[in-house]
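Asks: Below is a structure I'd like to ask you about.
Numbering (the UniProt record's numbering), first residue to last: 1 to 302.
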């Protein structure tokens, strides 16, 4: 596949994924009333997912791009700060442009995601600087991103019971790994040989990750909202149902790919373009789900 065409295809999927994450937040706006910080939250979750996936690539036989890691790390930091700023403005009831320095210490619900986002982003940028002169462990990026995912997932609704944060943490890590690693493969892997080497390894790790995602998601939803009319009478419930429907679509697509794509890719029987398109299509569905997750995280359960 010509290099220029490959670059355009990868860039097209990246732009489409970002757009669908925004669409996910817009759907939440139609179904409920999430906080304005949800828009920045979608960027935060997307950046963290990509960072987590890029950092985990050595586990499946691939090496990430340092430039992509640095770019995702910078987006994470900026989105975290903007998200905290929007949250403060919403809680004290003023325009974002009227927020003062003193408001930042009193208006934010919890500063953990903002603090971890700022420090974690700087750590990723530091890793990128070190990578210019040495070979720092790539898995460190995944660890830093994982801490960011945990900081986002355990705040807010995660504090409603003793065990809910645990279920939400596992659910969020698994979702971020699934979406982020597939996205990392799209922007990183080259040629039939690259896909033949990495896709089987990804599939091997994906089975337990997706299983844990489903179980913890069901348990967390049952604990937070229960089962009954609240699933369609509350905004939180409606977003949860929409997220579950899209997750079912993603699972069906992943199952189909496992049957029709994986065996041929393992035998070097799939072109680079087809692999990019298949992985990219799955990423698009997951990006829409991540947008819904960002809206869900800033929507009250009542």
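Glycine included, C-beta positions come from ideal geometry on N, C-alpha and C.
Could you check what DSSP says for residue 32 in three-state terms: helix, strand or coil?
Replies: Numbered from its first residue, the chain shown carries residue 32 at position 32. Here residue 32 sits in coil by DSSP.
Asks: Would you grab the beta carbon distance between residue 52 and residue 176 for me? Rounded to a whole angstrom, and I think it's under 8 angstroms.
Replies: The residue you call residue 52 lines up with position 52 of the chain shown. The residue you call residue 176 lines up with position 176 of the chain shown. That pair is a contact at about 5 angstroms.
Asks: Grouping DSSP H, G and I as helix and E and B as strand, with all else coil, what is residue 298?
Replies: Against the chain shown, residue 298 aligns to sequence position 298. Coil, per DSSP.
Asks: Considering just the uninterrupted stretch of the alpha helix (DSSP H) at residue 93, what are its terminal residues?
Replies: Locating residue 93 in the chain shown gives position 93, counting from the first residue. Here residue 93 belongs to no alpha helix (DSSP H), and DSSP marks it neither H nor E.
Asks: List the endpoints of the continuous alpha helix (DSSP H) containing residue 228.
Replies: For the purposes of this step, residue 228 is taken as residue 228 along the chain shown, with counting starting at 1. From DSSP, residue 228 is part of no alpha helix (DSSP H); its letter is neither H nor E.
Asks: When we look at the beta-carbon of residue 49 and count the other beta-carbons within 10 Å, is it buried (16 or more) or exposed?
Replies: As a first step, residue 49 is located in the chain shown; it is residue number 49 there, counting from the start. It counts as buried.
Asks: Given that a residue counts as buried once 16 or more other Cβ atoms are within 10 Å of its Cβ, and exposed if not, what is residue 282?
Replies: As a first step, residue 282 must be located in the chain shown, where it is residue number 282. Counting Cβ neighbours within 10 Å, residue 282 comes out buried, since at least 16 surround it.
Asks: Starting from the C-beta of residue 230, find all residues in its chain whose C-beta is less than 6 angstroms away, skip the five residues before and the five after it, and write them out in chain order.
Replies: Mapped onto the chain shown, residue 230 falls at position 230. Excluding sequence neighbours, residue 230 sits near 237.
Asks: For residue 164 and residue 269, I'd like the C-alpha separation in whole angstroms.
Replies: Taking the first residue of the chain shown as position 1, residue 164 is located at position 164. Taking the first residue of the chain shown as position 1, residue 269 is located at position 269. So the two alpha carbons sit approximately 44 angstroms from each other.
Asks: Determine the burial state of residue 133: buried for a count of at least 16 other Cβ atoms within 10 Å of its Cβ, exposed for fewer.
Replies: As a working note, residue 133 is residue 133 in the chain shown. The residue is exposed, with fewer than 16 neighbouring Cβ atoms inside 10 Å.
Asks: Taking the alpha-carbon positions, what's the residue 197 to residue 259 distance?
Replies: The residue you call residue 197 lines up with position 197 of the chain shown. The residue you call residue 259 lines up with position 259 of the chain shown. So the alpha carbons of these two residues sit roughly 17 angstroms apart.
Asks: With DSSP collapsed to three states, give me the class of residue 3.
Replies: Translated into positions along the chain shown, residue 3 becomes position 3. Reduced to three states, the DSSP call for residue 3 is helix.
Asks: Out of 11, 14 and 42, point me to the one whose CA is closest to residue 295's CA.
Replies: By 1-based counting over the chain shown, the position of residue 295 is 295. Minimum Cα distance to residue 295 is reached at 42.
Asks: If we call anything under 9 angstroms between Cβ atoms a contact, is residue 117 one with residue 79?
Replies: Counting from one through the chain shown, the residue named residue 117 turns up at place 117. Counting from one through the chain shown, the residue named residue 79 turns up at place 79. Result yes, Cβ atoms of residue 117 and residue 79 sit closer than 9 angstroms.
Asks: Would you kindly work out how many angstroms separate the C-alpha atoms of residue 278 and residue 147, rounded to a whole number?
Replies: Along the chain shown, one-based indexing puts residue 278 at 278. Along the chain shown, one-based indexing puts residue 147 at 147. Answer to the nearest angstrom: the Cα atoms are 30 angstroms apart.
Asks: Give every residue of the same chain whose Cβ lies closer than 7 angstroms to the Cβ of residue 202, excluding the five residues on either side of it in the sequence, and list them in chain order.
Replies: Taking the chain shown and counting its residues from 1, the one referred to as residue 202 is at position 202. So the qualifying residues of the chain are 60, 181 and 185.
Asks: Measuring straight from C-alpha to C-alpha, what distance separates residue 243 and residue 122?
Replies: Here the question's residue 243 lines up with position 243 in the chain shown. Here the question's residue 122 lines up with position 122 in the chain shown. Each residue's Cα considered, the two are about 32 angstroms apart.
Asks: For the candidate residues 188, 37, 298 and 139, whose alpha-carbon lies nearest to that of residue 240?
Replies: Taking the first residue of the chain shown as position 1, residue 240 is located at position 240. Comparing Cα positions, the closest option is 298.
Asks: Can you have a look at residue 139 and say buried or exposed, based on whether 16 or more other CB atoms are within 10 angstroms of its CB?
Replies: Your numbering for residue 139 matches position 139 in the chain shown. Its Cβ having fewer than 16 others within 10 Å, residue 139 is exposed.
Asks: So, do the segment 283-291 and the segment 16-23 have three or more beta carbon pairs nearer to each other than 8 angstroms?
Replies: At 8 angstroms Cβ cutoff, the stretches touch.
Asks: Taking C-alpha atoms, which residue in 207, 293, 173 and 273 lies nearest to residue 190?
Replies: For the purposes of this step, residue 190 is identified with residue 190 of the chain shown, where counting begins at 1. Ranking the options by Cα distance to residue 190, first place goes to 273.
Asks: How is residue 8 classed by DSSP in three states: helix, strand or coil?
Replies: As a position in the chain shown, residue 8 is number 8, starting the count at 1. Helix at residue 8.
Asks: Would DSSP call residue 180 helix, strand or coil?
Replies: Your numbering for residue 180 matches position 180 in the chain shown. If DSSP states are grouped into helix, strand and coil, residue 180 belongs with the helices.
Asks: Could you please give the first and the last residue of the uninterrupted alpha helix (DSSP H) stretch that includes residue 134?
Replies: Within the chain shown, numbered from 1, the residue matching residue 134 stands at position 134. Counting along the chain, residue 134 falls outside any alpha helix (DSSP H), and DSSP gives it neither H nor E.
Asks: Specify the secondary structure class of residue 64 as computed by DSSP and reduced to three states.
Replies: Your numbering for residue 64 matches position 64 in the chain shown. In this structure, residue 64 counts as coil in the three-state DSSP scheme.
Asks: Buried or exposed, going by whether 16 or more other CB atoms sit within 10 Å of the CB of residue 213?
Replies: Sequence index remark: in the chain shown, residue 213 carries index 213 (1-based). So residue 213 ends up on the buried side.
Asks: May I have the straight-line CA-CA distance separating residue 15 from residue 183, to the nearest angstrom?
Replies: Counting from 1 along the chain shown, the entry for residue 15 is found at position 15. Counting from 1 along the chain shown, the entry for residue 183 is found at position 183. Answer to the nearest angstrom: the Cα atoms are 12 angstroms apart.
Asks: Give a yes or no on whether the C-beta atoms belonging to residue 83 and residue 40 are separated by under 9 angstroms.
Replies: As a working note, residue 83 is residue 83 in the chain shown. As a working note, residue 40 is residue 40 in the chain shown. Closer than 9 angstroms, so yes.
Asks: For residue 238, report the span of its alpha helix (DSSP H) as first-last.
Replies: Stepping through the chain shown from its first residue, residue 238 is reached at position 238. Note, residue 238: alpha helix (DSSP H), 235-260.
Asks: Straight-line CA distance for residue 107 to residue 91?
Replies: As a first step, residue 107 must be located in the chain shown, where it is residue number 107. As a first step, residue 91 must be located in the chain shown, where it is residue number 91. Residue placement at residue 107 is poorly supported in this model, since its pLDDT is 49, which falls under 50; the coordinates still yield a value, given next. The straight-line gap from Cα to Cα measures roughly 6 angstroms.
Asks: Quick one: grab the DSSP three-state call for residue 269.
Replies: Residue 269 sits at position 269 when you count from the first residue of the chain shown. The answer is coil: DSSP assigns residue 269 none of H, G, I, E or B.
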